[in-house]
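Below is one structure, written out as structure tokens; the observations come after it.
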Amino acid sequence: MAKEKLFDYIILGAGSAGCVLANRLSENPALNVHVL
868 MAKEKLFDYI ILGAGSAGCV LANRLSENPA LNVHVL
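Oh and the sequence shown: position 8 is 875 in the working numbering, straight run, nothing missing.
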């Protein structure tokens, strides 16, 4: 059975704004960020 993955934030789109947002959120090691 597959292990369930949990994310604090899911960002849709890796354009300029999505990448900046993901970068800032991922600076906090307590957060799990996923970019699609």
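Just so it is clear, CB atoms sit at the ideal spot from N, CA and C, and this is done for glycine as well.
How many angstroms separate the CA atom of residue i from the CA atom of residue j?
{"i": "L903", "j": "A869", "result": "20 Å"}
{"i": "N890", "j": "E871", "result": "24 Å"}
{"i": "V887", "j": "S893", "result": "10 Å"}
{"i": "S883", "j": "H901", "result": "15 Å"}
If you measure between the beta carbons of residue i and residue j, is that distance less than 8 Å?
{"i": "L879", "j": "N899", "result": "no"}
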